[in-house]
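These protein sequence lines are chains A and B, in that order.
In this text, residue positions in the first sequence follow the numbering used here: the first is 1, and each later residue adds one.
In this text, residue positions in the second sequence follow the numbering used here: the first is 1, and each later residue adds one.
Number of protein chains: 2
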Amino acid sequence: MAVVKVSLGPRSYSVHVDPGGLDRLGSLLARRYDTRRCALVTSPRVFRHHGRRAQASLSRAGWAVETFITPDGERVKTPTQVAALHRRLAGARLDRTHPIVVLAGGTLGDMAGFAAATYLRGVPLVHVPTTLMAQVDSAVGGKTGVNLPQGKNLVGAFWQPGLVLCDPNVLATLPEKEFRSGLAEVIKYGCIASPALLARLRTTLTRGTWPGAQELGRWIVECVRIKARVVSLDEREGGLRRVLNFGHTYGHALEKTRGYGKLLHGEAVALGMVVALDVSRRCAGLDAVTEGSIVELIKHCFPDLSFPRVTWTAAAKAMGADKKTTAGRNVWIVLQRPGRPGVFTPVDADVRRSIERARHVWA
Amino acid sequence: MAVVKVSLGPRSYSVHVDPGGLDRLGSLLARRYDTRRCALVTSPRVFRHHGRRAQASLSRAGWAVETFITPDGERVKTPTQVAALHRRLAGARLDRTHPIVVLAGGTLGDMAGFAAATYLRGVPLVHVPTTLMAQVDSAVGGKTGVNLPQGKNLVGAFWQPGLVLCDPNVLATLPEKEFRSGLAEVIKYGCIASPALLARLRTTLTRGTWPGAQELGRWIVECVRIKARVVSLDEREGGLRRVLNFGHTYGHALEKTRGYGKLLHGEAVALGMVVALDVSRRCAGLDAVTEGSIVELIKHCFPDLSFPRVTWTAAAKAMGADKKTTAGRNVWIVLQRPGRPGVFTPVDADVRRSIERARHVWA
Chain A
1 MAVVKVSLGP
11 RSYSVHVDPG
21 GLDRLGSLLA
31 RRYDTRRCAL
41 VTSPRVFRHH
51 GRRAQASLSR
61 AGWAVETFIT
71 PDGERVKTPT
81 QVAALHRRLA
91 GARLDRTHPI
101 VVLAGGTLGD
111 MAGFAAATYL
121 RGVPLVHVPT
131 TLMAQVDSAV
141 GGKTGVNLPQ
151 GKNLVGAFWQ
161 PGLVLCDPNV
171 LATLPEKEFR
181 SGLAEVIKYG
191 CIASPALLAR
201 LRTTLTRGTW
211 PGAQELGRWI
221 VECVRIKARV
231 VSLDEREGGL
241 RRVLNFGHTY
251 GHALEKTRGY
261 GKLLHGEAVA
271 LGMVVALDVS
281 RRCAGLDAVT
291 EGSIVELIKH
301 CFPDLSFPRV
311 TWTAAAKAMG
321 ADKKTTAGRN
331 VWIVLQRPGR
341 PGVFTPVDAD
351 VRRSIERARH
361 VWA
Chain B
1 MAVVKVSLGP
11 RSYSVHVDPG
21 GLDRLGSLLA
31 RRYDTRRCAL
41 VTSPRVFRHH
51 GRRAQASLSR
61 AGWAVETFIT
71 PDGERVKTPT
81 QVAALHRRLA
91 GARLDRTHPI
101 VVLAGGTLGD
111 MAGFAAATYL
121 RGVPLVHVPT
131 TLMAQVDSAV
141 GGKTGVNLPQ
151 GKNLVGAFWQ
161 PGLVLCDPNV
171 LATLPEKEFR
181 SGLAEVIKYG
191 CIASPALLAR
201 LRTTLTRGTW
211 PGAQELGRWI
221 VECVRIKARV
231 VSLDEREGGL
241 RRVLNFGHTY
251 GHALEKTRGY
261 GKLLHGEAVA
271 LGMVVALDVS
281 RRCAGLDAVT
291 EGSIVELIKH
301 CFPDLSFPRV
311 TWTAAAKAMG
321 ADKKTTAGRN
331 VWIVLQRPGR
341 PGVFTPVDAD
351 VRRSIERARH
361 VWA
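Structure (structure tokens):
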């Protein structure tokens, strides 16, 4: 059990990484909030696996719980779903004091987090992430949002949770494909901030087994620590926080051109990192051996993933709609070496070459 | 020409009250922002009267303007309209540096302000309010939002503009009914913070003429000063800011039960203030003579307005859905005397009596 603090002045909060902690959700929440009424937002799949336990834990601690089960996935991460959730929250007459507890993976967490950010101009939000992706990344940092036809997360708000509970044990019920998707973000954190984490990942994963609960807990804590540090220094992505987008520029473009949901977010980021590593070698001096070894680690995590064929025109258009675009140019996060990220704006020709080479290397 | 500063640390901004200032919009904006591309959001009616002048002023100062004309009114202040505007902003590939300039009254200002608060997780927002209501109240303070079937402004965000330009001259094209509606908020500011403003209003309005541009400008500056002070002390409505809701508890309930748009916001607030003044006399020691004289002033501004018949059950239900409700009880802003507001939670019987008496007094 580890507690990582995200320091943001009056918006500070703790991330509890606690195996079996789901059974302690109610009492943890009771220590944080004065009221004893809350909303529990979850998906049909997650509710089937963990819903009753979450409800029971909350009830034991005296909480009256309104449960809202709503579909999950990139294709339903839309303004329409937010509006539907808003109507249900208002229908249950939840007020500004009642926390919204989101027991879900990253996409539903983003959507329900945005609903919390905007219901009654903002109500308390608690994340209980149920995927590796959400535990190491999306549940921490306050980014919420939904997709538009023109791009991912184009609508949203910065809204910090008041509490985050990561229970690594719940990951046991995660489909393997989802688990692998989360590994992409773990690798990302290794790339941008922790060569030691990269080494641990390599040691464990190339053994051909999955990590045990203890090892997994360590990875989560390390990622959360990195994210907490970055977010504390740059809450609203004025500069430093952009390093978290390593692998995301082309990753988002892939997700968009393939249609949200066809490719998992982590799968897209994995391929996006392969491209970003090539851009890094080309433009930021990353050495080829290091590049190769990280690419091998990524390939090891995604053995069955194929690199989609997307025309340059479509990819360039999709990258142009990315909200990190400033004045029409794409900003890439590159690595000088693991743990030393930078910001670079490559010319189109280099990006194009890197995509070609990444596809070749991946095959 | 007066400039009122809203002091909110890094989110501070200026409100320019400037007769004829619409022609200086472009240069004012150019002093505030580095980019030279912006969105102009306005309604068909406002565009007809002022759109070309706003566009010309922006163009003269070197701005590339994307104009979005969208319907205005409480009935279209909905999540659906926000989503539509988001898609249009994304379609025009506006990025995080481009300000959204809202040339509109209060309802469209709220809706487009919310769109700015949530597009790309928040982009710069400039209000150029075109109604008295918006100039004295809604354009300042950062409240944005839209309505749900369950109540007004139940979805929204706090999002401060970077600049506000109030040009009293544009009010000349305002329908008289809209102008009267705005007077309700001016009276509200007099009630909660400025006996001197109440006296000025009485002197001018009971003369049977409308105020000249100079006098009107003075009212606007006085209201904006009061609002700026309140908002600076309590940005997110933790306490003090609630005084701005004087007349709004029953006012919102009237708007809701009559159906948004049937009764203008100011008309509902006017009647809500008559009820709140009675509650104030009953529960907060407001003397009956003062109460009577303010009610007379309100009646003077709304000679043709009738007090809608709403059953107690319907009103109580509507007030229960107001987002100021905490733990099921309704908080009222009451006056001990003009300029001395307080917070009170009356019992239902008193509220009921006050509504009955207000209807009687109004008739």
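Think of the CB as a built atom: it goes at the ideal place given N, C-alpha and C, for glycine as much as any other residue.
Given the structure is predicted, the values throughout are model-derived calculations rather than measurements.
- The C-beta distance from G217(B) to V17(B) rounds to 6 Å, short enough to fall under 8 Å.
- Look at R88(A): its C-beta is not under 7 Å from any C-beta on chain B.
- For Y119(B), the chain A residues whose C-beta falls within less than 8 Å of its own C-beta are L154, V155, listed in chain order.
- Within its own chain, the residues whose Cβ lies closer than 7 Å to the Cβ of R281(B), once the five positions on either side in sequence are excluded, are A288, E291, listed in chain order.
- Annotation: W159(A) is outside any alpha helix (DSSP H) and is labelled neither H nor E by DSSP.
- For the 7 Å CB-CB criterion, T249(A) and A314(A) do not form a contact.
- Residue ranges of uninterrupted beta strand (DSSP E) with 3 or more members, entirely inside the segment 64-102 of chain B and ordered along the chain, are 64-69.
- Rounded to the nearest whole angstrom, the CA to CA distance from G247(B) to L22(A) is 45 Å.
- Secondary structure within the segment 100-149 of chain B: the beta strand (DSSP E) runs of 3 or more consecutive residues, fully enclosed, are 100-104, 125-129, 143-148 (chain order).
- Sequence-distant partners of T345(B) (beyond 5 residues in either direction) whose C-beta falls short of 8 Å from its own C-beta, in its chain, are R329, N330, V331, W332.
- Collapsing the DSSP output to three states places N153(A) in a strand.
- Shown here for G106(A): same chain residues with a beta carbon closer than 8 Å to its own, the five before and five after excluded, namely P129, T131, M133, A134, D137, S138, A139, H265 in chain order.
- Residue pairing for K5(B): DSSP places it in a beta bridge opposite S14(B).
- For W159(A), the closest C-alpha among the options N153(A), G145(A), P168(A) is that of G145(A).
- When 8 Å is used as the limit between beta carbons, F158(A) is near these residues of chain B: R121, G122, in chain order.
- Boundaries of the alpha helix (DSSP H) harbouring P195(B): 195-205, taken from the DSSP string.
- Counting only Cβ-Cβ distances below 7 Å, A83(B) has contacts in chain A at P79, in chain order.
- The Cβ atoms of L85(A) and A56(A) do not sit closer than 7 Å to each other.
- By the C-beta density criterion, S59(A) is exposed, having fewer than 16 other C-beta atoms within 10 angstroms.
- Here the C-alpha atom of E176(A) lies approximately 15 Å from the C-alpha atom of V46(A).
- According to the DSSP secondary-structure assignment, R340(A) is paired through a beta bridge with R337(A).
- By the criterion of at least three beta-carbon pairs nearer than 8 Å, the segment 64-75 of chain A is in contact with the segment 35-55 of chain A.
- Across the set P341(A), D304(A), L25(A), R352(A), the C-alpha of R352(A) shows the shortest separation from the C-alpha of M319(A).
- Between A316(B) and G239(A), the alpha-carbon positions lie close to 49 Å from each other.
- In terms of CA proximity to A2(A), C166(A) leads the group C166(A), F307(A), P211(A).
- Residue environment: T173(A) is assigned as exposed (fewer than 16 neighbouring CB atoms within 10 Å of its CB, all protein chains considered).
- The CB of G145(B) comes closer than 7 Å to the CB of R121 in chain A, given here in chain order.
- Within a 10 Å sphere around the beta-carbon of Q214(A) sit fewer than 16 other beta-carbons, which makes this residue exposed.
- The three-state secondary structure of A54(B), taken from DSSP, is helix.
- Pairing V126(A) with P79(A) gives a Cβ-Cβ distance that is not under 7 Å.
- Between the alpha carbons of A39(A) and R87(A) lies a gap of roughly 13 Å.
- Short of 6 Å from the beta carbon of T97(B), and not among the five residues preceding or following it, lie these beta carbons of its own chain, in chain order: T35.
- If you check the CB distance, F302(B) and R359(B) do not come in under 7 Å.
- In the structure shown, R236(B) falls within a coil segment according to DSSP collapsed to helix, strand and coil.
- L197(B) sits away from G208(B), with the two beta carbons spaced by 7 Å or more.
- Annotated as distal: E237(B) and L8(B), with beta-carbon spacing of 7 Å or more.
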